[in-house]
Amino acid sequence: MKPTDQDLGNDADVEKGEEFQALTPETPSPPGPSARFAPPLVLRLFTHVLSVVLLAGLAFYALQQYSSSRGSFCNDTEIALPYKEQTIPFSTLVYLCVVGPLVLILLLEALLSAIRSANVAGDEKKEPTSKIVGLCEIPHGLIEVYRHVGAFLFSCVACWLLTEVLKEVVGSLRPHFLSVCKPDWSQISCKENELYTYVSDFFCTGDAHRIREGRRSFPSGHSSMAMCGVLFTMLYLQGRFKWQQHKTAPRLQQQQRRAFLSKVYWMIEAATPCLQVLLFLMALYIPATRVLDHYHHVRDVVGGGVLGAFVALHAAFFVVDLRA
1 MKPTDQDLGN DADVEKGEEF QALTPETPSP PGPSARFAPP LVLRLFTHVL SVVLLAGLAF
61 YALQQYSSSR GSFCNDTEIA LPYKEQTIPF STLVYLCVVG PLVLILLLEA LLSAIRSANV
121 AGDEKKEPTS KIVGLCEIPH GLIEVYRHVG AFLFSCVACW LLTEVLKEVV GSLRPHFLSV
181 CKPDWSQISC KENELYTYVS DFFCTGDAHR IREGRRSFPS GHSSMAMCGV LFTMLYLQGR
241 FKWQQHKTAP RLQQQQRRAF LSKVYWMIEA ATPCLQVLLF LMALYIPATR VLDHYHHVRD
301 VVGGGVLGAF VALHAAFFVV DLRA
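When the letters of the sequence shown are read in order and numbered with UniProt numbering, they come out as residues 1 to 324.
And the structure:
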């Protein structure tokens, strides 16, 4: 029986299929993004440190070169409020908005590193757990700590530098300025032709340090640092436990072996929205105390909050990219 044209066509298709299957394993797959773009970690580390040093040097130069001494009117009630002690001093601000989030990030990265090690231990593909940097082998968890802690500290330093430069350049008077200045009214001419005149020099007789601080109202440093530290921490929680959950969550086959780590992870994941609300409440409370303590005007804390939010967003999405 002679083969028909249909049979010959089927045999040709089979041969083509076998030929394709034979060639497929030998065909190299195109390199992924990480393979195409893998800059040396040592070079990146050096560049990061150099950038921060240059930024700090530029800010220090600006602080030395630019200083503003603004005046006001004798009847300006916005700068005539009494002096009060601070509800939240600078040291407390650092503990709440820098040290606290830093410790939280370190603890969570330790948890995620332990989970990743457990995932890799039970993975047949055996993903790499470290990278070679020069002559050293750096664990993957330590690299993640550097990425996230480095981005957080960069945001804090950048926010502080920007705030300090603006304070010196703007020279806005605090609400309690006249109280700490203690003007020598005998040398001040407040009126001319029955109209209040602008006074550029109040001939202050008070404490020199308080007088200098009294000219640094805008923007609020407490507001900018609080918003920067808190917002970055909120985005960090969102990124590591929501956006990156496919990479950070315990795998199903490991949840039985490391039940404790799995429970801790999912408890934190479930509590993330509540933690974010509490953090944001703190970011609002701290600036509010600055207004109540007569250290800042409302516009000062709003401006500081906007500045801190901008720096935190820049660090979260452009420095470390918590969405990836």
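Don't be surprised by glycine CBs; every beta carbon is placed ideally from N, CA and C.
request  = Specify, as a first and last residue, the run of the alpha helix (DSSP H) that proline 273 falls within.
outcome  = DSSP places proline 273 in the uninterrupted alpha helix (DSSP H) bounded by 259-292.
Spatial neighbours of leucine 112 in its chain, beta-carbon cut-off 6 Å, leaving aside the 5 residues before and after = Around leucine 112: Thr248.
query = Between the stretch 169-176 and the stretch 293-300, do three or more beta carbon pairs fall short of 8 Å?
reply = Under the three-pair Cβ rule at 8 Å, the stretch 169-176 counts as touching the stretch 293-300.
task = With DSSP as the reference, label cysteine 204 as helix, strand or coil.
result = Note: cysteine 204 maps to strand in three-state DSSP.
ask   = Since serine 72 sits in a beta bridge, which residues does DSSP pair it with?
value = In the DSSP assignment, serine 72 is bridged to Val199.
ask   = Of the choices Ala288, Phe218, Met282, whose alpha-carbon is the least far from that of glycine 304?
value = Closest option to glycine 304, judged by alpha-carbon separation, among Ala288, Phe218, Met282: Phe218.
ask   = For arginine 323, which of helix, strand or coil comes out of DSSP?
value = Arginine 323: coil per DSSP, three-state reduction.
task = Compare the beta carbon distance of leucine 322 and alanine 316 with 7 Å and say whether it is the shorter of the two.
result = Yes, the Cβ-Cβ distance between leucine 322 and alanine 316 is below 7 Å.
task = Identify every residue that forms a DSSP beta bridge with glutamate 109.
result = Paired residues: none, contrary to the question.
task = Taking only the alpha-carbon atoms, compute the straight-line gap between aspartate 207 and glycine 214 and give it to the nearest angstrom.
result = Taking the straight line from one Cα to the other gives about 10 Å.
task = Determine the direct distance from the alpha carbon of tyrosine 285 to that of leucine 278, and round the result to whole angstroms.
result = Distance between the alpha carbons of leucine 278 and tyrosine 285: 10 Å.
key: Unbroken alpha helix (DSSP H) run spanning cysteine 159, endpoints   = For cysteine 159, the enclosing alpha helix (DSSP H) has its first and last residue at 140-170.
query = Who are the near neighbours of alanine 270 in its chain, counting only those whose CB is closer than 6 Å to its CB and skipping five residues on each side?
reply = If we look at alanine 270 and ignore the five residues flanking it on each side, it has no Cβ neighbours.
request  = Determine the burial state of aspartate 300: buried for a count of at least 16 other Cβ atoms within 10 Å of its Cβ, exposed for fewer.
outcome  = When all chains shown are included, aspartate 300 counts as buried.
query = Around the C-beta of isoleucine 88, are 16 or more other C-beta atoms found within 10 angstroms, so that it is buried, or is it exposed?
reply = With 16 or more Cβ atoms within 10 Å of its Cβ, isoleucine 88 is classed as buried.
inquiry  = By the DSSP assignment, the alpha helix (DSSP H) with cysteine 228 in it spans what residues?
reply    = Boundaries of the alpha helix (DSSP H) harbouring cysteine 228: 221-238, taken from the DSSP string.
task = Mark proline 273 as exposed unless 16 or more other C-beta atoms lie within 10 angstroms of its C-beta, in which case mark it buried.
result = The residue in question, proline 273, is exposed, as its Cβ has fewer than 16 Cβ neighbours within 10 Å.
query = With a CB to CB cut of under 7 Å and the five nearest residues on each side skipped, what residues in its chain are close to histidine 297?
reply = Closer than 7 Å at Cβ, skipping near neighbours: Glu78, Pro175, Ser217.
ask   = Quick one, are the C-beta atoms of residue 334 and phenylalanine 152 less than 7 Å apart?
value = In the structure as shown, the chain begins at 1 and stops at 324. Residue 334 is therefore absent and cannot be evaluated.
ask   = Counting pairs of Cβ atoms below 8 Å between the stretch 154-170 and the stretch 53-60, do you hit three or more?
value = Taking a cut-off of 8 Å for Cβ pairs, the stretch 154-170 and the stretch 53-60 touch, as three or more such pairs fall below it.
task = Could you check which residue in Ala324, Asp76, Val319 has the C-alpha nearest to that of lysine 191?
result = The option with the nearest alpha carbon to lysine 191 is Asp76.
inquiry  = Between threonine 163 and chain D, is any beta-carbon pair separated by less than 7 Å?
reply    = Looking at the structure shown, chain D is missing, and only one protein chain is on hand.
inquiry  = Helix, strand or coil for glutamate 194? Go by DSSP, reduced to three states.
reply    = Glutamate 194: coil per DSSP, three-state reduction.
message = Judging by CA-CA distance, which residue of Lys242, Trp243, Lys263 is the nearest neighbour of leucine 252?
response = For the options Lys242, Trp243, Lys263, the alpha carbon positioned closest to that of leucine 252 is the one of Lys263.
inquiry  = Cutting at 6 Å between CB atoms, please list the residues of its own chain near alanine 80, excluding the five before and the five after it.
reply    = Excluding the 5 residues flanking it on each side, alanine 80 has same chain C-beta neighbours closer than 6 Å at Leu178, in chain order.
task = To the nearest angstrom, report how far apart aspartate 184 and cysteine 74 are at their CA atoms.
result = The alpha-carbon atoms of aspartate 184 and cysteine 74 are separated by roughly 12 Å.
inquiry  = Give me, in chain order, the residues of the same chain whose beta-carbon lies closer than 8 Å to that of serine 29; leave out the 5 immediate sequence neighbours on both sides.
reply    = Annotation note: pLDDT 44 at serine 29 (below 50); position unreliable, no value reported.
request  = Using DSSP bridges, identify the partner residues of residue 337.
outcome  = Only positions 1 to 324 of the chain appear in the structure, and residue 337 is not among them; the question remains open.
inquiry  = Just to confirm the assignment, what range does the alpha helix (DSSP H) spanning serine 189 have?
reply    = Judged by DSSP secondary structure, serine 189 falls outside any alpha helix (DSSP H); it is assigned neither H nor E.
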